[in-house]
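K.L.:
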Amino acid sequence: MTRLGAVAFATAFASVLEIASLGARPAQAAQADFGAPPSGEIPIIFNDRHVYAKPDRLRSGRVLAALVRRGTILVPLRSLFEQMGASVAYDRTTKTIDVTKAGASVRVTVGKPEVTINGETRPLDVPPEIDGGSVLVPLRVISEGMGAFVMWLPDKRIVVVRYLAAPAPTAPPAPEPVPTAAPTPTTSLPPTPAPTATPARKPKPAAERFVVGDYVFSPKVYTELSPGNSGGSSFHLAAAAEFALFNLPWMLEGDFRSFRYPHKTGAVTGIGGQGQAFIPSFEARDDDFDGRFGLKISDPRIYVGIGYVFRNTNYEGGLLPTQVHGLGGGLEKLPDLDKGFSLYGSAYYFPAATTDDGQVEGNGAFGSVQYRILKYGIGGTFNLGKSPVFLDLGYLGDQLFVKQEAPIGQSHTGTYAGLGIHF
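Heads up, the sequence shown is in the numbering used here, so the first residue is 9 and it goes up one at a time.
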């Protein structure tokens with residue numbers, strides 16, 4: 009047990025003797041009301057003022073009393089050390105308790121019969137234990153660790169603790185408190201302010217690459233051969249890819265449409281509108297393909313582009329396959345296949361799609377056939393789970409306007425559905 013200086017000890021001991029004599033003076037017996045501690049527990053008097061018993065006179069809800077274990081008095085560590093101005097931290101994993109105060113440090117471990125005081129390890133007769141949620145240590149830990157005077161009054165069954173604070177050197181930095189098993193929280197350092205969150209950048213959409221094939225359902229066709237007949241076995245194919253070039257976003261696309269429809273026996277207007285010819289029934293076929301090259305102007309995936317169209321039939325030019333071709337431009341919205349559902353669409357205009365010279369007109373002359381062509385389409389895609397396959401639905405059409413020597417204006421429209429794969 010550490011002894012204080014002679015003066016402090018004499019003062020403390022005199023106070024203890026005075027407290028011990030309380031039972032001999034009836035006038036003060038009523039003041040020494042120690043409460044009713046639990047069975048087997050002993051009240052503690054601290055500096056003449058605080059009586060630790062049950063009910064707790066200092067802090068509500070805490071049982072602060074001593075116990076006797078194998079002839080050794082055990083007292084609540086946290087209760088007494090905090091009264092002496094010390095900080096108590098408990099490590100739940102190792103069951104180690106660290107007590108720090110200016111000029112003093114104490115460490116004990118529950119179940120380990122030793123105490124470390126100011127770096128020096130000393131044995132204990134009885135190891136610290138946990139009782140009712142409080143850590144109890146032998147009485148000598150209090151006296152030797154904090155320099156307090158302690159005394160056991162067996163006739164009164166009271167533990168008297170006398171503590172006279174002395175000037176202490178500058179305190180070392182206290183370890184950061186950790187959660188404690190005691191019912192009341194320990195003093196803890198203020199939490200470290202969280203760093204200011206940096207706004208997350210919007211993820212850059214992946215470049216789209218896909219191919220798709222669709223069946224066109226009963227397209228409606230108006231040509232010199234068809235006054236609005238519904239076709240069959242028609243289809244639509246498309247493929248597109250996005251890429252970067254010169255730090256700019258570009259796209260390449262190809263669009264192919266094939267319309268099949270019946271011509272019923274009858275007169276047909278010839279090239280240049282010069283006369284009519286009798287044509288027997290047959291299945292007409294109108295095919296067109298255009299390649300597109302575009303630059304993105306906005307998100308999501310909106311492009312302005314140029315295109316070149318090629319158009320063939322199995323009947324114009326005296327039933328000989330002929331080709332109309334020409335340059336144009338338009339706007340394109342590609343699908344967003346990284347999403348479950350997306351919309352897309354396009355509109356391209358070709359102002360002068362023409363045939364080569366040498367087409368025979370109805371009056372025997374030769375000349376070029378020219379159309380102004382508008383191609384358009386709008387649709388939606390549905391991803392099929394996590395697979396690269398998607399469902400494609402939409403509506404497409406074209407309008408051919410007579411510009412030179414063409415028999416009449418034409419149009420092809422129809423709904424479609426199909427499947428695609430994106431890469």
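The beta carbon of each residue, even a glycine, is placed where N, CA and C say it ideally should be.
1. Taking the C-alpha atoms as reference points, what is the distance between Gly-348 and His-430?
2. Taking C-alpha atoms, which residue in Thr-362, Pro-135, Lys-304, Ile-381 lies nearest to Phe-254?
3. Alpha carbons only, please: which of Ser-234, Ala-214, Ala-246, Ser-241 is nearest the one belonging to Gly-221?
4. Whole angstroms is fine: what's the gap from Glu-261's alpha carbon to Pro-199's?
5. If you drop the 5 nearest sequence neighbours on each side, which residues of the same chain put their C-beta closer than 8 Å to that of Val-134?
6. By a C-beta neighbour count over all protein chains shown, 10 Å radius and 16 as the cutoff for buried, is Pro-34 buried or exposed?
7. What are the start and end residues of the alpha helix (DSSP H) that includes Met-259?
8. When you compare only the Cα positions, how much space is there between Asn-391 and Leu-399?
9. From which residue to which residue does the beta strand (DSSP E) around Arg-148 run?
10. Report the start-end ranges of each beta strand (DSSP E) in the segment 77 to 133 that is 3 residues or longer and not cut off at the edges.
11. Let me make sure I understand the geometry here. Which of Gly-387, Ala-112, Ala-425 has the alpha-carbon closest to that of Tyr-352?
12. Tell me which residue opens and which closes the beta strand (DSSP E) that Leu-335 is part of.
13. Compare the beta carbon distance of Val-143 and Leu-132 with 8 Å and say whether it is the shorter of the two.
14. So, at 7 Å on beta carbons, what are the nonlocal neighbours of Ser-68 in its own chain, with the 5 sequence-adjacent residues on each side left out?
15. Quick check: does the Cβ of Phe-218 come within less than 7 Å of any heavy atom belonging to the ligand PLP?
16. Mind checking Asp-163: buried by the 16 CB within 10 Å criterion, or exposed?
17. Please classify Arg-115 as buried or exposed, where buried requires at least 16 neighbouring CB atoms within 10 angstroms.
18. What is the rounded straight-line gap between the Cα of Tyr-230 and the Cα of Tyr-323?
19. What residue does the beta strand (DSSP E) around Asp-296 start on, and which one ends it?
20. Measuring CB to CB, does Ser-419 end up less than 8 Å from Gly-385?
21. Return the bridge partner residues of Val-168 from the DSSP annotation.
22. Going by the DSSP bridge assignment, what does Lys-383 pair with across the sheet?
23. If you count every other CB in all the chains shown that lies within 10 Å of the CB of Arg-130, and 16 or more means buried, which is it?
24. For Val-377, name the three-state secondary structure that DSSP assigns.
25. Compare the C-alpha of Thr-389 against each of Gly-405, Tyr-356, Pro-235, Leu-345 and name the closest.
26. Just list the residues that DSSP pairs Arg-217 with in beta bridges.
27. Excluding sequence positions up to five away, which residues of its chain have a Cβ less than 6 Å from the Cβ of Val-410?
28. Tell me whether the beta-carbon of Ala-425 lies closer than 8 Å to the beta-carbon of Gln-378.
29. Measuring only the C-alpha atoms, how far is Thr-423 from Leu-382?
30. For Glu-232 and Ser-242, what's the separation of their Cα atoms in angstroms?
31. For Asp-400, does the three-state DSSP call read helix, strand or coil?
32. Could you check whether Val-317 and Asp-336 sit closer than 8 Å to each other, using their CB atoms as the reference points?
33. Please name the residue in Phe-251, Gly-236, Glu-291 whose C-alpha comes closest to that of Arg-217.
34. Among residues of its own chain, excluding the 5 on either side of Asp-139, which ones have a beta-carbon nearer than 7 Å to its beta-carbon?
35. Spatial neighbours of Ala-38 within its chain, please: CB distance less than 8 Å, with the 5 preceding and 5 following residues excluded, ordered by chain position.
36. Measure the alpha-carbon distance for Phe-361 versus Leu-256 and round it to whole angstroms.
P.N.:
Put simply:
1. 13 Å
2. Lys-304
3. Ala-246
4. 57 Å
5. Arg-77, Arg-78, Thr-80, Leu-82, Pro-121, Pro-146
6. A caution first: Pro-34 carries a pLDDT of 41, below 50, which makes its placement in the model unreliable, though a value can still be read off. Exposed is the call here.
7. Segment 256 to 271 is the beta strand (DSSP E) holding Met-259; no alpha helix (DSSP H) there.
8. 6 Å
9. Segment 147 to 154 is the alpha helix (DSSP H) holding Arg-148; no beta strand (DSSP E) there.
10. 80 to 84, 95 to 99, 104 to 109, 112 to 117, 122 to 125, 128 to 131
11. Gly-387
12. 330 to 341
13. no
14. Low confidence applies here, because Ser-68 scores a pLDDT of 48, under 50, leaving its location unreliable and the question unanswered by this model.
15. Absence of the ligand PLP from the depicted structure is noted, as is the absence of any ligand whatsoever, leaving it without description.
16. exposed
17. buried
18. 14 Å
19. 290 to 306
20. no
21. Ile-53, Met-159
22. Tyr-356, Asp-406
23. exposed
24. coil
25. Leu-345
26. Ala-249
27. Gly-417
28. no
29. 17 Å
30. 19 Å
31. strand
32. One detail in the question is off: residue 336 reads as Gly in this sequence, not Asp. Yes, these two residues count as a Cβ contact at 8 Å.
33. Phe-251
34. Leu-75
35. Any reading at Ala-38 is ruled out, since the residue's pLDDT is 39, under 50, leaving its predicted position unreliable.
36. Position check: residue 361 holds Ala in this sequence, whereas Phe was assumed. Distance between the alpha carbons of Ala-361 and Leu-256 is about 30 Å.
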